[in-house]
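First the structure, in the form of structure tokens, and then the observations on it.
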Amino acid sequence: MVVPTLPVPPVARTFARRATLRRSVGLLGDFRHEQSAPELFYGSLARDTVDLIGDLYAGLTGRDLTGTAVVDVGGGPGYFAEVFGAAGARYVPVEPDPSEMHAAGLAVGGSVRGSGLALPLRTGSVDVCFSSNVAEHVAQPWVMAEEMLRVTRPGGLTVLSYTLWWGPFGGHETGPWHAFGGEYAARRYARRHGREPKNRYGVSLFEVGCRDGLQWARSTPHGELLAAFPRYHPRWAWWLVRVPALREFLVSNLVLVLRRR
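Each step along the sequence shown adds one to the number in my numbering, with nothing skipped, and position 33 is 72.
Spelled out as structure tokens, the structure:
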């Protein structure tokens with residue numbers, strides 16, 4: 040079998056070297072701990088996220104994260120704060136839900152309570168604005184994406200990474216039954232577990248696809264799309280983003296990398 044290969048966008052070349060099968064298998068193994076041992080799951084995800092953002096920022100600017108202002112939209116309790124601080128960044132999580140902000144008992148200086156749909160930040164005030172696995176929980180994800188671009192300085196980096204509905208993890212804890220409908224999957228979960236799922240379809244979990252994100256990123260007047268690739272796949276599988284229909288099922292999590300105009 041000949042595996043298709045495509046040139047890696049310059050901004051993603053450093054990260055592409057990290058995108059190995061070993062990394063993919065390790066992250067996949069950690070996903071099962073998301074609700075049972077969140078400190079383990081989010082600790083691993085935090086390390087991978089700072090590598091991702093640091094590599095992309097270096098690819099864009101030629102510099103590391105030292106001295107940068109980094110905003111994490113939907114940052115929850117601040118699991119990523121320590122790793123970004125160690126990388127030299129001033130990390131600011133923005134989270135609308137106060138229960139999520141205090142869920143892990145962490146104290147993150149500079150945390151901001153606010154909605155991703157109307158970020159309480161000045162226009163062009165940060166070097167990097169990113170969101171990890173949040174857009175699928177927002178009823179208007181592209182409004183949030185535009186807000187992320189707004190607060191990023193011209194020439195700065197905006198990174199949106201989100202879970203695709205038709206992928207294996209699209210239903211979160213209700214999967215794989217979400218393939219038969221989000222409402223069906225939610226009701227089935229409630230019957231089997233005696234409680235509502237944490238991610239309730241139509242309330243805190245929505246259908247968002249690969250095509251949707253690519254259309255937004257290519258059409259927004261406020262940013263230039265520099266790269267789009269599957270976050271958790273090895274480099275040799277990045278070509279899947281180029282294949283309509285197939286990408287909705289196999290990309291799983293899409294990363295959109297934009298430069299603020």
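Heads up, the beta-carbon is just placed ideally off N, CA and C, and yes, glycines get one too.
Keep in mind that this is a model prediction, so the values were computed, not measured.
For G163 and P180, the gap between their C-alpha atoms comes out near 20 Å.
L95 and G233 have their C-alpha atoms some 43 Å from each other.
Cβ-Cβ distances below 6 Å link E246 to W204 in the same chain, with the five nearest sequence neighbours on each side left out; the list follows chain order. Between M183 and G214 a beta carbon distance of about 23 Å is seen, past the 8 Å cut, so the two are scored as non-contacting. In this structure, G153 lies near V133, with their beta-carbon atoms less than 8 Å apart.
Nearest to L188 by C-alpha distance, out of A225, D87, L66 and L295, is L295. One Cα belongs to R299, the other to P116, and the distance between them is close to 27 Å.
With fewer than 16 other beta carbons inside 10 angstroms of its own, S258 counts as exposed. Shown here for L279: same chain residues with a beta carbon closer than 8 Å to its own, the five before and five after excluded, namely P269, H272, L285, R286, L289 and V290 in chain order. G262 sits in a strand when the DSSP states are folded into three classes.
DSSP places L60 in the helix class (H, G or I) of the three-state scheme. Restricted to the region 193 to 252, not a single beta strand (DSSP E) segment is unbroken, complete and at least 3 residues in length.
A distance below 6 Å between beta-carbons, with the five flanking residues on each side excluded, links G252 to the following residues of its chain, in chain order: L293 and L295.
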